[in-house]
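Asks:
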Amino acid sequence: MLPRKENIICINIYQDVIYYVIHQLIFEKEGVYLHTNAKRSNQDTTIPGFIRIVERDGEPALEWSPVEEDVRNAPAVFYAKKDGEGGEEETKFDPGYEPDWAVISTVKQERLQEHPPVRETGQWGFSLPLSELYSLRRARFSLGRNFLVMTTRGGDPLPPLHFHRGGTRELLKAMQRYIRLAPSPMDGRLFLAYPHDSGALSQSFDELHLFDDTSADLVSRFIQDPYATTFGGFSKVTNFFRGALRHPESPLGNRSPQDAHFPHSADEEPGFELINCGAELGPRPEVKRGKPLDNWDQFLDPEGRVTDPQKVKKLVFRGGIVPSLRKEVWKFLLGFYPWNSTAKEREDILRVKTDEYFRMKVQWKSVSEEQEMRNSLFRGNRSLIERDVNRTDRHNSFFSGNENPGLALLHDELMTYCMYNFDLGYVQGMSDLLSPLLFVTQNEVESFWCLTGFMDLVHQNFEESQEAMKQQLLQLSLLLRALDPELCDYLDSQDSGSLCFCFRWLLIWFKREFSFEDILSLWEVLWTRLPCENFHLLMACSILESQKGELIGSNHDFNSILKHINELTMKLDLQSILCGAEAIYLQLTNCKLSVKVQEVLGLRVPSSFSEESPNSEPTETDTLLAQSEARGASSCQPFNGRTPQQTPPTYP
1 MLPRKENIIC INIYQDVIYY VIHQLIFEKE GVYLHTNAKR SNQDTTIPGF
51 IRIVERDGEP ALEWSPVEED VRNAPAVFYA KKDGEGGEEE TKFDPGYEPD
101 WAVISTVKQE RLQEHPPVRE TGQWGFSLPL SELYSLRRAR FSLGRNFLVM
151 TTRGGDPLPP LHFHRGGTRE LLKAMQRYIR LAPSPMDGRL FLAYPHDSGA
201 LSQSFDELHL FDDTSADLVS RFIQDPYATT FGGFSKVTNF FRGALRHPES
251 PLGNRSPQDA HFPHSADEEP GFELINCGAE LGPRPEVKRG KPLDNWDQFL
301 DPEGRVTDPQ KVKKLVFRGG IVPSLRKEVW KFLLGFYPWN STAKEREDIL
351 RVKTDEYFRM KVQWKSVSEE QEMRNSLFRG NRSLIERDVN RTDRHNSFFS
401 GNENPGLALL HDELMTYCMY NFDLGYVQGM SDLLSPLLFV TQNEVESFWC
451 LTGFMDLVHQ NFEESQEAMK QQLLQLSLLL RALDPELCDY LDSQDSGSLC
501 FCFRWLLIWF KREFSFEDIL SLWEVLWTRL PCENFHLLMA CSILESQKGE
551 LIGSNHDFNS ILKHINELTM KLDLQSILCG AEAIYLQLTN CKLSVKVQEV
601 LGLRVPSSFS EESPNSEPTE TDTLLAQSEA RGASSCQPFN GRTPQQTPPT
651 YP
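If you want it as structure tokens, here you go:
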């Protein structure tokens with residue numbers, strides 16, 4: 001259906017007074033489907049509907065509503081619904097594994113409660129004022145349909161809308177009547193929504209103090225001489241500001257009607273051709289694993305000091321450690337022993353640490369039953385530890401059986417850790433981190449202090465706020481979009497772009513994805529912190545890329561994606577995944593990357609917060625650039641030299 005303008009008279013009765021409200025229907029298009037996450041296999045997971053632009057009291061809104069006759073049979077969709085009082089998430093996130101780990105479900109709920117611009121108009125219908133639209137992503141994956149993903153200014157994505165019968169070009173042109181859609185400088189698929197008033201745009205920059213001069217011709221001067229008018233860092237967004245001077249009816253960008261991005265026919269929809277972010281990535285090098293570290297004595301001087309810690313780490317990263325040496329080398333990798341300590345100093349360290357451990361152990365063992373009844377925190381930690389210990393690695397002979405001493409050691413060390421770290425206490429998953437340490441060291445004291453070193457690396461994963469986990473999922477998204485925008489677009493279209501199915505991977509470093517023996521090899525590689533501290537994210541990218549053909553080729557939806565990822569447990573080949581992760585790192589370091597991706601890879605040191613005022617807040621433009629980069633693909637163009645900020649490490 002072509003754009004139209006039609007008056008609709010609505011009669012509202014309130015306290016016996018009749019109100020006549022005239023709504024103007026500006027645009028309407030049928031054949032726009034919402035793909036749901038319904039778990040009931042006997043029901044369709046796509047809902048046909050209409051997309052409309054409607055003016056109410058002069059306020060334009062974008063609305064989607066299902067076809068009337070299908071509303072009654074619409075399946076249950078896992079999407080947060082809100083009522084007039086602020087709303088709640090009706091259906092909790094199902095992670096597909098232990099319910100205790102479904103902490104990611106609270107993230108979406110909190111964000112929706114903070115920013116409630118979306119008004120529900122039916123079971124799945126929604127109405128979003130165009131003034132609240134922040135961004136619009138358009139894409140077509142090679143084996144899927146055209147779709148749009150819209151995000152509110154609160155950062156909340158709306159369900160992906162799939163245009164089975166075309167019409168996206170007409171919708172965008174109708175939206176251009178009210179807002180300006182400017183291409184993001186970070187992602188060619190992403191359009192940012194702004195009001196037409198360039199004066200308001202200039203005023204917003206005045207308020208942000210981005211420019212010293214506040215004259216009315218700011219935007220024009222920006223276009224004429226962006227380097228002189230702005231800070232150098234913002235010169236890359238010149239094209240964004242050019243839109244401020246376009247006529248509202250002009251098409252997106254300075255494109256002609258014959259441009260491939262805007263088709264002649266709505267049915268052809270060539271506007272959704274796959275757009276690469278800059279040039280193609282350079283070739284991915286072939287990587288082979290090396291031999292494990294099998295001679296420890298050659299790295300010790302006569303007094304027992306490690307002569308070349310960096311070479312040891314590189315050897316461990318390339319090939320791991322032979323089992324007979326793990327007990328000794330792990331204590332250095334996890335900080336129990338300093339690399340420059342002598343054999344005599346290590347004896348003293350062990351004696352001091354043994355005394356300290358048993359002092360803490362006596363503290364919790366001396367708590368009486370009466371004291372425990374009055375200490376809910378202590379009681380809760382004990383209950384959770386007892387439950388988790390009884391189901392940790394029971395297939396391993398070291399922890400099998402009902403009266404196994406290994407289980408008692410696990411319990412005692414975790415209880416002692418609660419005395420060591422009162423603030424954190426015990427959080428589910430810590431038992432998974434401790435069991436391999438205890439298995440290798442076969443020593444209560446040494447494994448405990450190795451656990452404290454391991455927790456120094458990952459303790460933020462277990463904090464109640466989950467900020468570190470959210471940050472890692474965001475960083476993983478940045479890396480994956482730099483590597484494979486097509487896979488990211490597909491995941492976005494299935495409401496899986498948050499990568500929440502990777503949560504368990506990152507929380508306990510793939511402990512339940514690989515065999516017990518493989519985990520011993522993987523963790524010692526990750527403890528080297530080579531070639532960067534986020535190598536575990538590159539591992540996740542390597543796994544996801546290895547599953548791309550299955551995910552896209554089988555046309556998985558949200559729930560089947562989650563099911564497929566969980567079923568990878570014990571089916572992955574560690575050595576090939578490690579080679580893939582290292583190859584990805586080497587490939588990316590030979591590309592021109594965005595600042596954020598460089599920071600994730602350790603190629604650039606993040607901006608120091610000490611340089612900013614403690615009371616300063618991020619500006620609107622800072623937020624715009626950060627959010628668009630998080631959602632957008634990185635610009636990756638091969639070039640001759642390494643990224644200048646830091647040279648990637650070399651390996652023997």
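Using full-length UniProt numbering, you'd call the opening residue of the sequence shown number 1 and step up by one each time. Cβ atoms here follow ideal geometry from the backbone N, Cα and C, with glycine treated the same way. Remember, it's a predicted structure, so these values are computed and weren't measured experimentally.
(1) So is Gln310 buried or exposed if we call it buried at 16+ other beta carbons inside 10 Å?
(2) Decide if Phe27 is buried, meaning its Cβ has at least 16 other Cβ atoms within 10 Å, or exposed.
(3) Would you be able to state if there are at least three C-beta pairs under 8 Å between the stretch 488 to 501 and the stretch 550 to 558?
(4) Could you pull out every residue in the same chain whose Cβ sits closer than 6 Å to the Cβ of Gln363, ignoring the five residues on either side in sequence?
(5) Which of the three DSSP states is assigned to His564 in this structure?
(6) Here's the rule I'm using: 16 or more other beta-carbon atoms within 10 Å means buried, otherwise exposed. How should Leu410 be labelled?
(7) Quick check on DSSP: helix, strand or coil for Val54?
(8) Please go through the stretch 511 to 539 and give each complete beta strand (DSSP E) segment of 3 or more residues, from N-terminal end onward.
(9) Would you report the Cα separation of Ala343 and Leu293, rounded to the nearest angstrom?
(10) Please go through the same chain and pick out, in chain order, the residues whose beta-carbon is closer than 6 Å to the beta-carbon of Lys353, but skip the five residues on each side of it.
(11) How is Pro283 classed by DSSP in three states: helix, strand or coil?
(12) What first and last residue would you give for the beta strand (DSSP E) that runs through Leu181?
(13) Reducing DSSP to helix, strand and coil, say where Trp339 ends up.
(14) So is Asn375 buried or exposed if we call it buried at 16+ other beta carbons inside 10 Å?
(15) How about Leu433 and Phe462: do their beta carbons lie closer than 7 Å?
(16) Just the Cα atoms here: how many angstroms apart are Arg391 and Gly335?
(17) Near Leu530, which residues of its chain fall below 7 Å by C-beta distance, leaving aside the five closest residues on each side in sequence?
(18) Under 6 Å Cβ to Cβ from Leu325, same chain only, skipping five residues before and after it: list those, please.
(19) Could you check the C-alpha separation between Gln298 and Val445 for me, to the nearest Å?
(20) In this structure, what does DSSP give as the bridge partners for Leu133?
(21) Taking the alpha-carbon positions, what's the Val458 to Leu451 distance?
(22) Between Ile321 and the rest of its own chain, which residues show a CB-CB distance below 6 Å, the 5 nearest in sequence each way excluded?
(23) Thinking C-beta only, is His196 closer than 7 Å to Arg180?
(24) Here's the rule I'm using: 16 or more other beta-carbon atoms within 10 Å means buried, otherwise exposed. How should Phe332 be labelled?
(25) Between Gln472 and the rest of its own chain, which residues show a CB-CB distance below 6 Å, the 5 nearest in sequence each way excluded?
(26) Quick one: grab the DSSP three-state call for Gly144.
(27) Whether or not the stretch 558 to 577 and the stretch 51 to 70 are in contact is what I'm after, with contact meaning three or more pairs of Cβ atoms, one per stretch, closer than 8 Å; do they touch?
(28) Just curious, the beta strand (DSSP E) that His162 is in, first and last residue?
(29) Out of curiosity, what's the CA-to-CA distance linking Met150 and Val67?
(30) For Ile385, name the three-state secondary structure that DSSP assigns.
(31) Could you tell me the distance, in whole angstroms, from the CA atom of Pro183 to the CA atom of Leu130?
(32) Going by beta-carbon coordinates alone, are Gly602 and Cys532 separated by less than 7 Å?
(33) Since Leu593 and Ala482 should fall inside the 8 Å C-beta cutoff, what is the C-beta to C-beta distance between them, to a whole number of angstroms?
(34) Between which two residues does the alpha helix (DSSP H) holding Trp330 run?
(35) Can you tell me where the beta strand (DSSP E) with Leu62 in it begins and where it stops?
(36) Tell whether a beta-carbon distance below 7 Å holds between Leu34 and Ile47.
Replies: According to the structure data:
(1) Exposed, since its Cβ has fewer than 16 Cβ neighbours within 10 Å.
(2) With 16 or more Cβ atoms within 10 Å of its Cβ, Phe27 is classed as buried.
(3) The stretch 550 to 558 is in contact with the stretch 488 to 501.
(4) Excluding sequence neighbours, Gln363 sits near Met419.
(5) Here DSSP, grouped into helix, strand and coil, assigns His564 to helix.
(6) Its Cβ being crowded by 16 or more others within 10 Å, Leu410 is buried.
(7) DSSP places Val54 in the strand class (E or B) of the three-state scheme.
(8) If we require 3 residues or more, the stretch 511 to 539 turns out to have no beta strand (DSSP E) run fully inside it.
(9) Take the alpha-carbon of Ala343 and the one of Leu293: they are about 20 Å apart.
(10) Within the same chain, Lys353 has close Cβ partners Trp449.
(11) Here Pro283 carries a coil assignment [DSSP, helix/strand/coil].
(12) Taken as a continuous stretch (DSSP letters only), the beta strand (DSSP E) holding Leu181 covers Ile179 to Pro183.
(13) The answer is coil: DSSP assigns Trp339 none of H, G, I, E or B.
(14) A residue is called buried when at least 16 other Cβ atoms come within 10 angstroms of its Cβ; Asn375 does not meet this threshold and is exposed.
(15) Not closer than 7 Å, so no.
(16) Roughly 28 Å between the two C-alpha positions.
(17) Counting only Cβ-Cβ distances below 7 Å, and skipping sequence neighbours, we find Lys313, Lys314, Phe317 and Pro649.
(18) Correct list, in chain order: Trp296.
(19) Here the C-alpha atom of Gln298 lies approximately 27 Å from the C-alpha atom of Val445.
(20) DSSP, once it has assigned bridges, lists Thr152 as partnering Leu133.
(21) Straight through space, the alpha carbons of Leu451 and Val458 are spaced by roughly 10 Å.
(22) Counting only Cβ-Cβ distances below 6 Å, and skipping sequence neighbours, we find Pro292, Leu293, Val329 and Glu524.
(23) In this structure, Arg180 sits near His196, with a CB-CB distance shorter than 7 Å.
(24) By the 10 Å Cβ count, Phe332 comes out buried.
(25) Annotation for Gln472: Leu506 place their beta carbon closer than 6 Å to its own, counting only its chain and skipping 5 residues before and after.
(26) Interpretation of Gly144 is limited by its pLDDT of 49, a score under 50 that renders its predicted location unreliable; no figure is taken from the coordinates.
(27) Remark: fewer than three beta-carbon pairs, one from each stretch, lie closer than 8 Å, so the stretch 51 to 70 and the stretch 558 to 577 are not flagged as touching.
(28) DSSP places His162 in the uninterrupted beta strand (DSSP E) bounded by Leu161 to Phe163.
(29) Rounded to the nearest angstrom, the two C-alpha atoms are 21 Å apart.
(30) The three-state secondary structure of Ile385, taken from DSSP, is helix.
(31) Spanning the two alpha carbons is a distance of roughly 17 Å.
(32) Cys532 sits close to Gly602, with the two beta carbons spaced by under 7 Å.
(33) Right, the Cβ-Cβ distance comes to about 7 Å (below 8 Å), so this counts as a contact.
(34) Its alpha helix (DSSP H) spans residues Pro323 to Leu333.
(35) That run of the beta strand (DSSP E) goes Glu59 to Pro66.
(36) Cβ distance < 7 Å, so Leu34 and Ile47 count as in contact.
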